[in-house]
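Numbering (the numbering used here), first residue to last: 6 to 938. Structure, as structure tokens:
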């Protein structure tokens, strides 16, 4: 391109030029004719002190800028650089606002040319990127970024990224580029002008589309390559008898495979379970190679018998790891072609037809426009159409609801159906040897009328310790304020011009008048009443939780059991509101449904976008019917389910949710799952308590069902790799207040962190304690040179927080709940794991309380039969975070003295590998840490 770009980056004393913050460093990189032609950088004296946090961030201090020029001295150079150029920056409005203020103060009019935001451009051109920070994008493109948060380094990297972005944009198909031009008028920066220039250049030459791209019905998409016919080689129907011979047989079938210790034992266990049509529980310790341990025998058995195997996981991360890492390895090992597909719920897949119909809608907000542009680029890359590939904003997530595949379809055009992602996924699944899915889809498929999964008899449940929890969620109900408000907001009052308004206008256009028992005015009033009642319902739910909260501590987030046996004023008011809510939902649902019934006769003559509208309203009506049932089951009807209200006392209504779940799913799983399948293999690194499967069998309904068991220990040498330290100078956890306990452990954390130089993961059982500890560490100032990363405080997903932790030399990561498992930090990045307290569920937690009542009513002991084994399994998960490879070494510090001071503490120690344990005062233990490291 012949255009001139000036890429600018600034370091400043703060975030607000209007409040007097000033520039302390200016850097610019000039790009002309696709080449970097000039660079300019200068420190600037702000004539005010540089705040400490800015000094820590940038490395720039008062001494360094003392003799630097004032901005007015470099202003002429800045103006000459920017002449006839695009002003480019990463988050351009920040840099531009500072520059404008400084230029005006220097006597210039300011900059009024075109601007380009590389954040905005990256979000469009890299719709699947993990993040859009400058450092994230630099790593993605393998660019050197030596000094983040110094303007010259940041400007250089931004310029190099811009050249890559322009090259990428210039290769987009003409059709896609034209659509981006049409959409980009509403963006923050002048990308429309930029895309137009690229399009003009593209129109001057003949377009040769890449082999992988085709234009279908006006959309550029990646061509779908159907799988090659599988080459199946004949193998014996069974492994020969005897372990030695079996191992030889396996080597014959998979000659390039180098088995790990214990891995063959697992393969044999899986294969034998399938062969003998029995269920099997396999606990496989860290390092066994569990994924390949079940994938190889599953593939072999599928090829021998023609049976499809379902592999189900609890988390999306594991599904993606299997597809991205383990399945390619399986393909290399197997001397036959094996077809493995990933299958998710219908709502995960994009409807191309719907997307195309609303692509040109003009009433878009910023998030919707940006999401449309992201999807246009993504369609050139994706083979699956799966939403989980995309990095969407919260507004983009809302837009997805308009374009996802639905159960209802008013006659999809054949030309779209051929390319439909959902039907492609379903078709792939029907022809697959192995289908990877998740526990919730597996469970919902058991009762679905239109089953998504093909018929199957052989299942592997990975992360099997979560299957019981997934079943309880599936059999229960839940509703939360934000989801319900979003649903009713989609309908909207007549004045809000949402679905209700659009439906009235559609009927007027098609039929001339509305033939209904409920007049438009009446229905509008009903909708307004419904929205008012929804607010009242959640206010009363939150009020109930506040009134009945037993917590004496200063805890903002509370979970309170909804006990329908004990009537109170709050519960009576909530019941009455629920009844009004249900009646109004029914009235609005019936009135809208009646209008759709009238429209049904006209569906054949409706335009495509009108059909999309009708489909959307049908989908909303389905959700309304489900909402109505949920309110009845959760509030109005009395049942044996455990029910609770969760709220945040600081912003009660917005964060209030109501949940109901059965206290036990054992009977359901026994009758509806295990007795109906020929062989289910349940595997995880944590299934046993003190070497027994008794607890997990009971929870899952396997007590009376014949099944084999296999414990495969980790191949790691834990006695040489791990030491457990237990300080004896901390107070007993229940003998002091939370605040006093936090003060005590914070002193220990600081001491240990200084000894280990960071690389610490702290596992908490309560977010409240985590937050207080984080704040106290920060306030102390002792660890000011450490990166302190905390779940729920530092923004980002578990994956993002873990990656940030690994980037810093000296870092501490504080986590709760999800950080007890699934976090994989091998090597020296993690050398110290701190378990703050044994992970017992709080006894006043509604589900725990009800579960204990259930165990007691069935003749059991609530503590030994439920609370203790549940805590042990969670402890094992936490323990497993430290040693991820055979070369890892590390220290586990347990602050909770109950692990050695109580009888039941033995259950925790006997359930983990044999390791050395030391206890003593923190000073002695720190000396030992120094020696160990």
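Glycine included, every Cβ here is placed at the ideal spot set by N, Cα and C.
Minimum Cα-Cα distance from residue 727 among the listed residues 839, 699, 276 and 176 corresponds to 839. Within the model, the alpha-carbon separation for residue 105 versus residue 68 is close to 26 Å. With respect to residue 650, residue 546 sits close: the two C-beta atoms are nearer than 9 Å. In this structure residue 318 is in contact with residue 468, their Cβ atoms being roughly 5 Å apart against a cut-off of 8 Å. Residue 225 places its beta carbon less than 9 Å from that of residue 381. Beta bridge pairing from DSSP links residue 722 with no other residue. Per DSSP, reduced to three states, the secondary structure at residue 643 is coil, with no helix or strand assignment. The alpha-carbon separation between residue 631 and residue 495 amounts to approximately 16 Å.
Secondary structure of residue 373 (DSSP, three-state): helix. Of the residues assessed, residue 161 falls on the buried side of the cut-off, its CB having 16 or more other CB atoms within 10 angstroms. In the DSSP assignment, the residues bridged to residue 729 are 897 and 922. The alpha-carbon separation between residue 450 and residue 476 amounts to approximately 12 Å. Per DSSP, the beta bridge partners of residue 818 are 766 and 794. Inclusion of residue 714 and residue 287 in the CB contact set at 9 Å is warranted, their separation being smaller than that value. DSSP, reduced to helix, strand and coil, places residue 16 within a strand of the structure shown. The alpha-carbon of residue 537 is positioned some 42 Å away from that of residue 768. Judged by their CB atoms, residue 299 and residue 316 are nearer to each other than the 9 Å cut-off. For residue 938, the three-state secondary structure derived from DSSP is coil. Secondary structure note for residue 32: its beta strand (DSSP E) is the uninterrupted segment 28–37. A contact is defined here as three or more CB-CB pairs under 8 Å, and the region 420–433 meets this definition with respect to the region 206–222. With a 10 Å radius around the Cβ and a threshold of 16 neighbouring Cβ atoms, residue 620 comes out buried. Boundaries for residue 318: no alpha helix (DSSP H) harbours it, while the beta strand (DSSP E) harbouring it runs 314–318, taken from the DSSP string. When rounded, the separation of the alpha-carbon atoms in residue 683 and residue 448 is 16 Å. 9 Å or more divides the Cβ of residue 194 from the Cβ of residue 144. In the structure shown, residue 80 falls within a helical segment according to DSSP collapsed to helix, strand and coil.
Unbroken alpha helix (DSSP H) stretches of 4 residues or longer found wholly inside the region 338–393: 357–362 and 371–383, given in chain order.
Across the structure, residue 907 and residue 322 are spaced so that their CA atoms are roughly 37 Å apart. Counting only the Cα atoms, residue 151 lies some 15 Å from residue 814. Runs of beta strand (DSSP E) with 3 or more residues, each lying fully within the region 115–153, are found at 120–122, listed in chain order. Nearest Cα to residue 878 within the set 681, 70 and 693: 693. According to DSSP, residue pairing for residue 837 in a beta bridge involves 765 and 896. In this structure, DSSP gives residue 293 a state outside helix and strand, which the three-state scheme calls coil. Looking at the DSSP output, residue 566 shares a beta bridge with 649. Judged by their CB atoms, residue 90 and residue 10 are nearer to each other than the 9 Å cut-off. Per DSSP, the unbroken beta strand (DSSP E) holding residue 40 starts and ends at 40–48.
Contact between the region 917–934 and the region 695–703 is not established, with fewer than three Cβ pairs separated by less than 8 Å.
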